[in-house]
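To start, the structure itself, in structure tokens.
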């Protein structure tokens, strides 16, 4: 709930973005390739987990080593659960969180569809003919049911 102007709030949500970790099914935005060699950022205790995720690892003197170069993901392909877990362990955030407002409530006016303000990622093709219409006040619904 806010006392700010409706247009200001809708514009804020239109441009708001936060990065987050990609989940299974998310399409990778870049290639991620791990070079052969030590993975010094990880504790030795996580090595079995990395191996279960598909990384070709070995433990040498308490340091995890990647036995060979490993491609975690390829740009444009959907992430598997294992790839998403590896990227999260590496701290690599590829996804963007955004909120798309479809309607809002105003005291005294009720709910209204917000079709005139679309996010930067959405096309405006479907929004040209529809204006800010109240929701739930469908008086024509009773007429449609009569035969």
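In full-length UniProt numbering, the protein residues as written are 1 to 147. Ideal placement from N, C-alpha and C gives every residue a C-beta, glycine not left out. This structure is a prediction, so every number in the text was calculated from the model and none was measured.
Tell me which residue opens and which closes the alpha helix (DSSP H) that residue 63 is part of. Element bounds for residue 63: not the alpha helix (DSSP H) but the beta strand (DSSP E), 63–66.
By how many angstroms is the C-alpha of residue 95 removed from the C-alpha of residue 17? 10 Å
Kindly indicate which residue of 75, 54 and 24 has the alpha-carbon position closest to the one of residue 66. 54
Residue 13 versus residue 5: straight-line alpha-carbon distance, rounded: 13 Å
Collapsed DSSP secondary structure at residue 2 in the structure displayed: coil
Give me the Cβ distance between residue 69 and residue 38, rounded to the nearest whole Å; I'm assuming they're in contact under 8 Å. With 8 Å as the limit, residue 69 and residue 38 do not qualify as a contact, their Cβ atoms being about 13 Å apart.
Element boundaries [beta strand (DSSP E), containing residue 113]: 110–113
Buried versus exposed call for residue 33 [16 or more other C-beta atoms within 10 Å across all chains shown]: exposed
Using the three-state DSSP reduction, which class does residue 18 fall into: helix, strand or coil? strand
Roughly how many angstroms lie between the CA atoms of residue 61 and residue 40, to the nearest whole one? 12 Å
Where residue 27 falls, given that 16 or more other Cβ within 10 Å makes a residue buried: exposed
Pick out whichever of 47, 104 and 31 has its Cα sitting closest to the Cα of residue 74. 31
Pick out whichever of 1, 15 and 25 has its Cα sitting closest to the Cα of residue 76. 25
Looking at the secondary structure, which residues open and close the alpha helix (DSSP H) in which residue 86 lies? 81–90
Ordered along the chain, which non-local residues of its own chain (more than five positions away) have a Cβ less than 7 Å from that of residue 2? 9
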